[in-house]
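A.B. asks: My questions will all concern the structure given below.
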Amino acid sequence: MGGFVDGILFHQILQLHGMLSAKFPKTTIANIEINMFWDGMFHALTWTMTAIGLALLWKAGRRLEVPWLGKVFVGALFLGWGLFNLIEGIIDHYLLNLHHVYEAQGQSIYDLLFLISGVIFIAAGLMAIRTQRNVTAVSPR
Amino acid sequence: MRRLPYLAGLLLLPSVASACMVCDTELGHQVQRGVFDGHFGSTAVAVLLPFPAFLLAAAAVHFGVPKLMTPTTKRK
């Protein structure tokens with residue numbers, strides 16, 4: 000879900016960066032199309048991850064010990080979103096320099112804020128899950 | 000009647016093939032050269048690298064981080 004927020008909000012709606020905008024700056028039509036191709040590859044894998052997540056959720060829904068609560072669900076969503084922001088931010092923005100959050104500025108405070116958002120989402124997600132772990136849930140199963 | 004969908008599909012094929020209006024232009028060739036520039040494999044690995052890393056992290060959260068530092072049996 001975090002991958003889609005990044006891809007849809009930052010790549011497409013706000014157009015702050017593309018998948019390879021540090022290598023192919025989005026200043027020509029050709030470069031915009033090259034970025035669009037790699038954005039598509041990114042979205043294809045994001046879709047696959049979402050499908051895997053849905054399959055795991057379906058499997059978890061059959062386990063009686065899994066607390067079937069909205070807070071745990073939202074916590075897990077934030078945990079995944081935070082993990083994505085942290086991992087994608089470190090690999091793409093810092094290690095490989097494929098792109099930066101606000102490409103016009105190159106590596107900037109926005110890259111750091113992206114990482115910090117990941118840490119905050121992970122902490123918030125874990126807290127939401129842990130506070131509800133021992134609550135007996137009404138299960139739809 | 001059963002063949003109608005297949006015939007309709009055949010009729011639609013040429014329009015799909017010509018849907019890319021820039022593929023046969025200089026711009027289209029520039030894009031193709033940019034995407035398949037001899038570093039396609041390494042670029043694909045770089046672009047897709049966060050996903051296996053994410054799966055590993057998710058597995059670590061789900062199953063617990065493997066105890067690499069498990070104390071060995073004490074020698075007597």
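Protein chains in written order, with numbering that gives the first Met the number 0: chain A, 0 to 140; chain B, 0 to 75.
In this text, a Cβ means the ideal position worked out from N, Cα and C, and glycines have one as well.
#1: Could you tell me if T42/B is buried or exposed, where buried requires 16 or more neighbouring beta carbons within 10 angstroms of its beta carbon?
#2: By alpha-carbon positions, which one of E87/A, N84/A, T45/A and M126/A ends up nearest to V73/A?
#3: From this set, G1/A, I115/A, G2/A and Q131/A, which residue's C-alpha is nearest G71/A's C-alpha?
#4: CB-CB under 8 Å to I28/A, same chain, minus the five flanking residues each way: which ones, in chain order?
#5: What did DSSP end up calling T49/A once you bin it into helix, strand or coil?
#6: Express the C-alpha separation of E64/A and Q104/A in angstroms, rounding to a whole number.
#7: Expressed to the nearest angstrom, what Euclidean distance is found between the alpha-carbon atoms of A33/A and G117/A?
#8: Out of curiosity, what's the CA-to-CA distance linking Y57/A and H16/A?
#9: Taking 8 Å as the CB-CB limit, is F9/A close to chain B?
#10: Is F53/B close to chain A? Criterion is C-beta to C-beta, closer than 8 Å.
#11: Does any C-beta atom of chain A lie closer than 8 Å to the C-beta of A18/B?
#12: So, is the C-beta of F72/A closer than 8 Å to a C-beta in chain B?
#13: Using alpha carbons as the reference points, say which of L13/A, N30/A and Y93/A lies closest to L19/A.
#14: By DSSP, does F23/A sit in helix, in strand, or in coil?
#15: Buried or exposed, going by whether 16 or more other CB atoms sit within 10 Å of the CB of T45/A?
#16: Within the continuous alpha helix (DSSP H) that includes D36/B, where are the two ends?
C.D. replies: Walking through what the data contain:
#1: Mapped onto the second sequence, residue 42/B falls at position 43. When all chains shown are included, T42/B counts as buried.
#2: As a working note, residue 73/A is residue 74 in the first sequence. Of the listed residues, the one whose Cα sits closest to V73/A is M126/A.
#3: Taking the first residue of the first sequence as 1, we reach residue 71/A at position 72. The sequence shown places Val at residue 71/A, not Gly. Here the closest residue by C-alpha is Q131/A.
#4: Counting from one through the first sequence, the residue named residue 28/A turns up at place 29. Taken in chain order, the list of residues that qualify is empty.
#5: To locate residue 49/A, count along the first sequence from 1; it is residue 50. DSSP places T49/A in helix when its eight states are reduced to three.
#6: Looking up residue 104/A in the first sequence gives position 105. Looking up residue 64/A in the first sequence gives position 65. Rounded to the nearest angstrom, the two C-alpha atoms are 48 Å apart.
#7: Counting from 1 along the first sequence, the entry for residue 33/A is found at position 34. Counting from 1 along the first sequence, the entry for residue 117/A is found at position 118. The question names Ala, but residue 33/A is Ile in the sequence shown. Whole-angstrom Cα-Cα distance: 28 Å.
#8: If you number the first sequence from 1, residue 57/A lands on position 58. If you number the first sequence from 1, residue 16/A lands on position 17. For clarity, residue 57/A is Trp in the given sequence; the question names Tyr instead. Approximately 34 Å, taken between the alpha carbons.
#9: As a first step, residue 9/A must be located in the first sequence, where it is residue number 10. No, F9/A does not count as interfacial toward chain B.
#10: Position 54 of the second sequence, counting from 1, holds the residue named residue 53/B. Yes, contact with chain A.
#11: Position 19 of the second sequence, counting from 1, holds the residue named residue 18/B. Chain A contact via Cβ: absent.
#12: Along the first sequence, read from residue 1 onward, the residue named residue 72/A stands at position 73. False, the Cβ-Cβ gap to chain B never drops below 8 Å.
#13: Position 20 of the first sequence, counting from 1, holds the residue named residue 19/A. It is N30/A whose Cα lies nearest to the Cα of L19/A.
#14: Sequence index remark: in the first sequence, residue 23/A carries index 24 (1-based). Note: F23/A maps to coil in three-state DSSP.
#15: Position 46 of the first sequence, counted from the first residue, corresponds to residue 45/A. Classification for T45/A: buried.
#16: As a working note, residue 36/B is residue 37 in the second sequence. No alpha helix (DSSP H) contains D36/B, which DSSP labels as neither H nor E.
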